[in-house]
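Numbering (full-length UniProt numbering), first residue to last: 1 to 298.
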Ligand SMILES: C[C@H](c1ccccc1)n1cc(-c2ncnc(N)c2C#N)cn1
């Protein structure tokens, strides 16, 4: 199977192209969210993709949207091509299994990050200031240590090519109002908590995750984008977890090791060898099977 690196739907208006996913206008009320097979590491998108990655992560998002529907509503309308408008179905060959028809929301311009463990930019800030998103944490935490409780640590939505900036939850209150900010942070923590417990019981630690939220036409807070995938979250293998050091990525360690061993400059996109692609795809399949109990459709 060839990797889909870029969706091409000329009859639909492309409104956003992220590192690994594309977003199209369908009509006044709906959008099409497309997961490509692009893969990025160290913030660089590789020249070739992982055939099937987009389909697996789309199916994983759908699984989480359904499992978490009792926590809060999502923007998902359908992932079934037969239920999509003809304007989308005309691209069935390239999109089947890797796209979501979603409700158009008024997106809240906050990266709603929830951390269950202290790592990444959170660990860097903690080492410097003893805080994460300007929230004071207990002294003496180790790298990758589990936090006493999942923490809402928002960030700004940086421009393309820039890095998101961690902000204090009070900053979010100033941006969107106290009531909505408190609803949003509680929703993010509730979604993460349920998903992290579910995944942990199946051998995967979801160390942290990034949610996107929006308001629907009735002003109801709704979870958007993809959710709880290895692209929006840090997935660690639970059986190898130990605080006090960095953790291998469940899905990207083969890729990272290859890049480090080959002297990757963390700037220039490169072609990945077949074995790295094969091994990385196997990890995405493994994560999907562990969490859902089913084989993904490729
Ligand atoms: C950041 C993200 C993005 C996705 C795909 C590619 C590049 C960026 N994005 C999501 C929306 C969006 N807007 C209105 N309603 C929605 N339901 C969604 C969603 N999801 C706009 N941008």
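Note that beta-carbon positions come from the ideal geometry of N, C-alpha and C, so glycine has one too.
Q. In whole angstroms, what separates the C-alpha of residue 351 from that of residue 6?
A. In the structure displayed, the chain extends from 1 to 298; residue 351 sits before or after that span and is not available.
Q. Taking residue 126 as the reference, which of 116, 114, 113 and 140 has the closest Cα?
A. Within the chain shown, numbered from 1, the residue matching residue 126 stands at position 126. Residue 126 has its Cα closest to that of 140, out of 116, 114, 113 and 140.
Q. When every heavy atom of ligand 1 is checked, does at least one fall within less than 7 Å of the C-beta of residue 17?
A. Residue 17 sits at position 17 when you count from the first residue of the chain shown. For residue 17, the shortest separation between its Cβ and any heavy atom of ligand 1 lies below 7 Å.
Q: Return the CA-CA distance between residue 129 and residue 20, expressed in angstroms with no decimal places.
A: What you label residue 129 is simply residue 129 of the chain shown in a count that begins at 1. What you label residue 20 is simply residue 20 of the chain shown in a count that begins at 1. Distance between the alpha carbons of residue 129 and residue 20: 33 Å.
Q | Span separating the alpha-carbon of residue 263 from that of residue 270 | A | For the purposes of this step, residue 263 is taken as residue 263 along the chain shown, with counting starting at 1. For the purposes of this step, residue 270 is taken as residue 270 along the chain shown, with counting starting at 1. Going by the C-alpha atoms only, they are around 11 Å apart.
Q.
Just list the residues that DSSP pairs residue 41 with in beta bridges.
A. Position 41 of the chain shown holds residue 41. According to DSSP, residue 41 bridges with 44.
Q.
Would residue 33 and residue 102 be called neighbours here (beta carbons separated by less than 8 Å)?
A. What you label residue 33 is simply residue 33 of the chain shown in a count that begins at 1. What you label residue 102 is simply residue 102 of the chain shown in a count that begins at 1. Yes. Within cutoff.
Q) Between 66, 72, 132 and 10, which lies nearest to residue 166 when the distance is taken from Cα to Cα? A) In the chain shown, the residue the question calls residue 166 occupies position 166. When only C-alpha atoms are compared, the closest one is 132.
(Q) With a threshold of 7 Å (Cβ to nearest heavy atom), would residue 75 be considered close to ligand 1? (A) In the chain shown, counting from the first residue as 1, residue 75 sits at position 75. In this structure, the C-beta of residue 75 approaches ligand 1 to less than 7 Å from one of its heavy atoms.
Q) Count the other CB atoms within 10 Å of the CB of residue 16; is the residue buried (16 or more) or exposed (fewer)? A) The residue you call residue 16 lines up with position 16 of the chain shown. Under the 10 Å beta carbon count, residue 16 is surrounded by fewer than 16 other beta carbons and is classified as exposed.
Q) For residue 24, does the three-state DSSP call read helix, strand or coil? A) In the chain shown, the residue the question calls residue 24 occupies position 24. Looking at residue 24 - three-state DSSP - the assignment turns out to be strand.
Q) Comparing the CB of residue 98 with every heavy atom of ligand 1, is any distance shorter than 7 Å? A) In the chain shown, residue 98 corresponds to position 98, counting from 1. Outside the cutoff, so no.
Q.
Along the chain, where does the beta strand (DSSP E) containing residue 298 start, and where does it finish?
A. Along the chain shown, read from residue 1 onward, the residue named residue 298 stands at position 298. Per DSSP, residue 298 lies in no beta strand (DSSP E) segment and is marked neither H nor E.
Q.
Is any non-hydrogen atom of ligand 1 found closer than 7 Å to the C-beta of residue 22, if you look at the structure I gave you?
A. One-based indexing of the chain shown puts residue 22 at position 22. Indeed, a heavy atom of ligand 1 lies less than 7 Å from the Cβ.
Q. Looking at residue 38 and ligand 1, is the gap between the Cβ and the nearest heavy atom below 7 Å?
A. What you label residue 38 is simply residue 38 of the chain shown in a count that begins at 1. No, the beta carbon of residue 38 sits no closer than 7 Å to any heavy atom of ligand 1.
Q | Which listed residue (66, 219 and 266) has its alpha carbon closest to that of residue 79 | A | Position 79 of the chain shown, counted from the first residue, corresponds to residue 79. For the options 66, 219 and 266, the alpha carbon positioned closest to that of residue 79 is the one of 66.
Q | Sequence-distant residues of its chain with Cβ nearer than 7 Å to residue 164 (five each side left out) | A | The count along the chain shown starts at 1 and reaches residue 164 at position 164. Contacts found: 111, 155, 156, 157 and 158.
Q: Report yes or no: do the segment 70 to 78 and the segment 168 to 182 share at least 3 C-beta pairs separated by less than 8 Å?
A: Contact between the segment 70 to 78 and the segment 168 to 182 is absent, because fewer than three Cβ pairs lie under 8 Å.
Q) Should residue 258 and residue 276 be called a contact, given that it needs their Cβ atoms to be closer than 8 Å? A) Your numbering for residue 258 matches position 258 in the chain shown. Your numbering for residue 276 matches position 276 in the chain shown. With respect to the 8 Å criterion, residue 258 and residue 276 are classified as neighbours on the basis of their beta carbons.
Q) How many angstroms separate the CA atom of residue 107 from the CA atom of residue 171? A) Taking the chain shown and counting its residues from 1, one reaches residue 107 at position 107. Taking the chain shown and counting its residues from 1, one reaches residue 171 at position 171. Approximately 17 Å, taken between the alpha carbons.
Q: Identify which residue in 13, 145 and 86 has its Cα closest to the Cα of residue 205.
A: As a working mapping, residue 205 is identified with position 205 in the chain shown. Residue 145 is the option with its Cα nearest to residue 205.
Q) Going along the chain, which residues of its own chain have a beta-carbon closer than 7 Å to the beta-carbon of residue 89, five neighbours each way excluded? A) Your numbering for residue 89 matches position 89 in the chain shown. The answer, listed in chain order, is 81.
**Q.** Per DSSP, the bridge partner or partners of residue 99
**A.** Residue mapping note: residue 99 aligns to position 99 of the chain shown, counting from 1. Per DSSP, 34.
Q) Sorry if obvious, but does the Cβ on residue 224 come closer than 7 Å to a heavy atom of ligand 1? A) For this step, residue 224 is matched to residue 224 along the chain shown. Between ligand 1 and the CB of residue 224, the shortest heavy atom gap is smaller than 7 Å.
Q.
Suppose you measure from the CA of residue 244 to the CA of residue 42; what does that come to, to the nearest Å?
A. As a working mapping, residue 244 is identified with position 244 in the chain shown. As a working mapping, residue 42 is identified with position 42 in the chain shown. Their backbone Cα atoms lie some 22 Å apart in a straight line.
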